[in-house]
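Here the structure comes first, spelled out in C-alpha cells, and everything after it is commentary.
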Amino acid sequence: MAFVGGAVNWIADGQGTCHPYSTIMSFNFSEETFGQIMLPNNVKNRVDIDLFVMGFKGSLHLFVFSWMPSLYSREISCCDIWVMEEYGVTESWIKHFNVKSVEKITRPLCFANKGLSIILETNEGKQILCRLENLLSSGSPADQQSGCYLICDGRYAVSGGFVESLVLFDEVNRYATE
Numbered sequence: 344m345a346f347v348g349g350a351v352n353w354i355a356d357g358q359g360t361c362h363p364y365s366t367i368m369s370f371n372f373s374e375e376t377f378g379q380i381m382l383p384n385n386v387k388n389r390v391d392i393d394l395f396v397m398g399f400k401g402s403l404h405l406f407v408f409s410w411m412p413s414l415y416s417r418e419i420s421c422c423d424i425w426v427m428e429e430y431g432v433t434e435s436w437i438k439h440f441n442v443k444s445v446e447k448i449t450r451p452l453c454f455a456n457k458g459l460s461i462i463l464e465t466n467e468g469k470q471i472l473c474r475l476e477n478l479l480s481s482g483s484p485a486d487q488q489s490g491c492y493l494i495c496d497g498r499y500a501v502s503g504g505f506v507e508s509l510v511l512f513d514e515v516n517r518y519a520t521e
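In the numbering used here, the protein residues as written are 344 to 521.
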C-alpha cells in the first residue's frame with residue numbers, strides 16, 4: 344500500500360470477461376471515496392507479472408516484476424519501475440528504470456539514499472540494494488539497467504524509514520500540561 348495524494352493506494356486483482364486483470368484502487372480520506380487508477384498501457388493487459396505500489400516524494404511508484412529465461416539455468420528477474428508524475432492522471436505514467444538480477448526479486452522494501460537506490464527482496468528473503476543513481480546520468484532511463492548488490496542473506500535484516508517532524512520529543516510534557 345502507498346499513501347499518495349491524500350489517499351491510500353493498493354493493487355487489486357479482478358476477473359474480467361476474458362482474463363484476469365489488475366488495477367490500482369484508492370481510498371481518499373478527506374472525501375471518503377473509493378477510486379481507481381488505471382495502469383500504464385504497457386502493463387494493464389499482462390497476466391505474467393506481479394505488481395506493487397509505493398509512495399515516494401509525493402509520487403506513486405508502480406513496481407512491475409516479471410521473469411524471463413536466460414541462457415543459464417537461472418531465470419533473470421526484471422523489475423520495471425514506473426512513476427505517476429501527476430497523481431490520478433493515467434497519461435502521466437513514465438517508466439523510469441528497468442532493474443535486472445539473477446536473484447528472483449519478489450517485492451520492493453524501501454527507497455534508500457534519497458531515492459537514488461532501492462532495496463528489493465528476493466523469494467529467499469535476501470535483500471538486494473539496487474543503485475539507481477548510476478542510471479540518472481546516462482541515456483534514456485527507460486532502457487537502462489542498474490547494478491544490484493546483495494546486502495543481506497535473509498537472516499538478520501531491519502529496514503525502516505525516516506520522516507522529518509517538527510515535534511520536539513524532549514519538550515512534549517511541558518506543552519501537554521499547559
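In this text, a Cβ means the ideal position worked out from N, Cα and C, and glycines have one as well.
Give every residue of the same chain whose Cβ lies closer than 6 Å to the Cβ of residue i, excluding the five residues on either side of it in the sequence, and list them in chain order.
{"i": "residue 366", "result": "355, 379"}
{"i": "residue 395", "result": "406, 450, 451"}
Would you kindly check if the distance between the Cβ of residue j and the Cβ of residue i is under 8 Å?
{"i": "residue 347", "j": "residue 401", "result": "yes"}
{"i": "residue 433", "j": "residue 368", "result": "no"}
{"i": "residue 447", "j": "residue 410", "result": "yes"}
Kindly give me the distance between the Cβ atoms of residue i and residue j, rounded to whole angstroms, as I take these residues to be in contact under 8 Å.
{"i": "residue 449", "j": "residue 399", "result": "With 8 Å as the limit, residue 449 and residue 399 do not qualify as a contact, their Cβ atoms being about 19 Å apart."}
Measuring straight from C-alpha to C-alpha, what distance separates residue i and residue j?
{"i": "residue 455", "j": "residue 364", "result": "31 Å"}
{"i": "residue 445", "j": "residue 374", "result": "44 Å"}
{"i": "residue 388", "j": "residue 436", "result": "15 Å"}
{"i": "residue 429", "j": "residue 467", "result": "35 Å"}
Hey, could you find the ends of the beta strand (DSSP E) residue i is sitting in?
{"i": "residue 438", "result": "436-444"}
{"i": "residue 393", "result": "393-399"}
{"i": "residue 378", "result": "376-380"}
{"i": "residue 451", "result": "448-455"}
{"i": "residue 300", "result": "In the structure as shown, the chain begins at 344 and stops at 521. Residue 300 is therefore absent and cannot be evaluated."}
{"i": "residue 465", "result": "460-465"}
{"i": "residue 474", "result": "470-474"}
{"i": "residue 347", "result": "345-347"}
By Cβ distance, which residues of its chain are closer than 8 Å to residue i, with the 5 residues on each side in sequence left out?
{"i": "residue 345", "result": "351, 352, 353, 396, 397, 398, 403, 404"}
{"i": "residue 372", "result": "349, 350, 351"}
Please list, in chain order, all residues of the same chain as residue i whose beta carbon is under 7 Å from its beta carbon, the five residues on each side excluded.
{"i": "residue 370", "result": "350, 351, 377"}
{"i": "residue 475", "result": "440, 459, 460, 461, 489"}
{"i": "residue 391", "result": "409"}
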